[in-house]
Structure formats: structure tokens, C-alpha cells
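Counted the way our numbering counts, the sequence shown spans residues 13 to 240. Below: one structure, written as C-alpha cells.
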Amino acid sequence: MVLELLSCPPPSEGPEILVRVNRLETPWAEQDIQEFVKIGAHIVLPKVQSPSDVRKVHALVQSQINEGMILKHDLQLWCMIETAQGVLNVKEIAQESSFVAQGHYMELKGLIVGSSDLTKDLGAHATPDRHPLLPSIAQVVLAARANDLVAIDGVTFDVQNVAELEKHCIQAMEMGLDGKSLLHPIQIEEINRIFSDSKLLNKPPAIDDPEKYSLEWAYDVDSWQRAL
Numbered sequence: 013m014v015l016e017l018l019s020c021p022p023p024s025e026g027p028e029i030l031v032r033v034n035r036l037e038t039p040w041a042e043q044d045i046q047e048f049v050k051i052g053a054h055i056v057l058p059k060v061q062s063p064s065d066v067r068k069v070h071a072l073v074q075s076q077i078n079e080g081m082i083l084k085h086d087l088q089l090w091c092m093i094e095t096a097q098g099v100l101n102v103k104e105i106a107q108e109s110s111f112v113a114q115g116h117y118m119e120l121k122g123l124i125v126g127s128s129d130l131t132k133d134l135g136a137h138a139t140p141d142r143h144p145l146l147p148s149i150a151q152v153v154l155a156a157r158a159n160d161l162v163a164i165d166g167v168t169f170d171v172q173n174v175a176e177l178e179k180h181c182i183q184a185m186e187m188g189l190d191g192k193s194l195l196h197p198i199q200i201e202e203i204n205r206i207f208s209d210s211k212l213l214n215k216p217p218a219i220d221d222p223e224k225y226s227l228e229w230a231y232d233v234d235s236w237q238r239a240l
């Protein structure tokens with residue numbers, strides 16, 4: 013269905029088309045990659061574990077070029093980092109060179125955090141503040157920045173929870189991520205709004221009752237002083 017849809021003539025202007033293919037270990041990955049690059053779609057590769065995964069994609073693209081099956085000259089590869097092994101190897105993955113052959117170019121464009129699978133692979137618990145994932149996300153950002161790549165945050169699963177989406181977007185911006193992936197089109201407007209508004213980074217935390225908060229803080233300080 014996706015291939016049939018994307019095979020229609022694209023508009024002259026519009027967003028880039030990225031397709032998440034099956035992971036390399038599956039029997040469908042090779043056909044996915046070959047068919048989608050043939051029509052000029054950029055590839056999102058899940059469960060990237062090491063630089064060899066990037067080189068396998070390059071080899072598949074090379075075979076299509078040799079057969080004269082690829083018309084578009086500039087293709088992008090996006091790597092999803094969603095396993096413990098992928099996080100440990102993200103520096104080397106990000107350093108993998110882009111692919112050039114016979115006038116065709118496949119650029120390693122960016123890294124995408126796969127939040128759900130990474131949480132599972134780490135044996136961590138999904139929490140609203142995402143604290144268990146922050147060290148791993150930081151590694152992805154470091155690798156991206158050091159190699160001039162784009163870094164994209166993982167999804168927020170509760171598509172109806174606008175407050176949580178905003179919290180995750182602001183957290184992602186604070187950590188240096190360039191954007192956020194999503195599950196549902198209804199999240200697009202909110203994500204774009206937040207990532208285009210740098211002033212939100214200085215937004216103070218919401219306090220239901222500022223006076224009560226100030227009094228509680230004062231009591232804590234007073235108790236601490238008396239304890240000394």
C-alpha cells in the first residue's frame with residue numbers, strides 16, 4: 013500500500029518523504045530498501061546496531077544503481093537508535109561515511125531515538141519525565157552534533173495528551189534535539205509550534221498556587237536552619 017501510494021507522481025513542492033523499512037534481520041528488508049529507493053524515497057532504518065548496518069544499505073543501493081534502477085541522485089538514510097547496542101555504537105554509526113557511486117549520493121542524514129524499543133531493551137520503565145532514557149538520548153545528541161547530523165526525538169504515545177507532548181518537546185529542545193517524531197497527524201501542529209518557539213525554553217514551571225509554594229519553601233528553609 014505504501015509503495016503504491018508513493019509511486020504516484022509527487023508534488024513539485026512539499027516535504028521530503030521518508031519511509032521506515034523493516035529491520036535488516038527480516039526477510040523483507042532488502043526488497044523494502046530496493047523498491048523505495050527506486051522511487052526516490054528516503055530510508056529510515058530501524059534497529060541500527062553498528063556501522064555494518066549502514067554499509068549493508070549502501071550495498072543494496074549500489075546493486076540498484078548497477079542495474080540502472082535508481083533515478084533520484086540524492087537519497088537520505090536515517091538511522092533509528094533503539095537498542096542498548098545501538099547506543100553503545102552510536103558514535104561509530106554516526107561516523108559512517110555517506111555513499112557516492114556513479115553520480116548518485118546517499119547521505120547519512122540523521123539519527124532518530126526509538127524511545128519505546130529502547131526502553132524495553134534497557135529493561136527500563138516508561139516514566140512521564142523519561143529519566144531512564146536521558147543518558148541514552150544524550151549519547152545520540154553527542155554523536156549527531158560531532159558529525160553534523162540531525163537528531164530527532166522519539167514519539168509521545170498518548171496522542172491526546174497535549175501537556176505531555178509539550179513537556180517532551182521542551183525537554184528534547186533543552187537536550188539539543190532538532191525535532192520530534194510522532195504517531196498521529198494531530199500532533200504535527202503542536203510539535204511545529206513548540207520547536208519554532210525558542211522562548212519556551214525559558215518558560216517557568218507551572219505552579220498551581222505560588223503563595224503556597226513559597227510558604228512551603230520557607231518552612232523547609234526554617235526547618236533546615238533550626239536543625240543546624
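Glycine is no exception: its CB is placed at the ideal position from the N, C-alpha and C atoms. Remember, it's a predicted structure, so these values are computed and weren't measured experimentally.
Sequence-distant residues of its chain with Cβ nearer than 6 angstroms to residue i (five each side left out)
i	result
Lys103	Ala155
Ala136	Pro144
Pro27	none
Gln88	His54, Glu119, Lys121
Trp40	Asn34
Asp133	Thr95, Ala96
Ala138	Thr131
Met81	Lys50
Own chain residues within Cβ distance below 7 angstroms of residue i, not counting five before or after
i	result
Ile45	Val33, Ile55, Val69, Leu72
His196	Val171
Arg157	Gly188
Gln151	Val99, Val102
Leu194	Val167, Ile200, Ile203
Bounding residues of the beta strand (DSSP E) (the contiguous stretch that carries residue i)
i	result
His54	54 to 57
Ile93	86 to 93
Val162	162 to 165
Contact under 8 angstroms by Cβ, residue i with residue j
i	j	result
Glu178	Ile206	yes
Gly122	Gln61	no
Glu108	Val66	yes
Span of the alpha helix (DSSP H) around residue i
i	result
Ile97	The amino acid occupying residue 97 in the given sequence is Gln; Ile does not appear at that position. Unbroken alpha helix (DSSP H) run through Gln97: 96 to 100.
Leu146	146 to 158
Arg205	200 to 207
Arg32	Unbroken run through Arg32 is the beta strand (DSSP E), 30 to 32; no alpha helix (DSSP H).
Gln43	41 to 50
Arg67	63 to 78
His248	Nothing in the structure corresponds to residue 248, since the chain is present only between 13 and 240.
Leu134	127 to 134
Cutoff 8 angstroms; reference residue i; Cβ partners in own chain excluding five residues on either side
i	result
Leu161	Ala106, Leu120, Lys121, Gly122, Leu123, Ala155
His180	Arg142, Asp165, Thr168, Lys192
Val153	Ala163, Met187, Gly188, Leu189
Val174	Glu202
Ser75	Gln46
Of the residues the options, the one placed nearest residue i, counting alpha carbons only
i	options	result
Ile51	His180, Val31, Leu57, Pro39	Val31
Asp141	Leu134, Glu176, Lys132, Ile198	Glu176
Glu37	Ala53, Lys59, Pro63	Lys59
Glu42	Leu57, Ile29, Gln183	Leu57
Ile29	Arg35, Val49, Pro39	Val49
Ala163	Val174, Gly191, Glu79	Gly191
Glu79	Asp133, Glu47, Lys132	Glu47
Ile198	Ile182, Phe169, Gln88	Phe169
Asn159	Ile182, Arg35, Ile82, Ser110	Ser110
Pro63	Ile82, Trp90, Gln74, Met81	Trp90
Assess, as a yes-or-no matter, whether the stretch 132 to 147 is touched by the stretch 167 to 187 under the definition of 3 or more beta carbon pairs within less than 8 angstroms.
yes
Please confirm if the stretch 77 to 97 is in contact with the stretch 120 to 137, defined as three or more CB-CB distances below 8 angstroms between the two stretches.
yes
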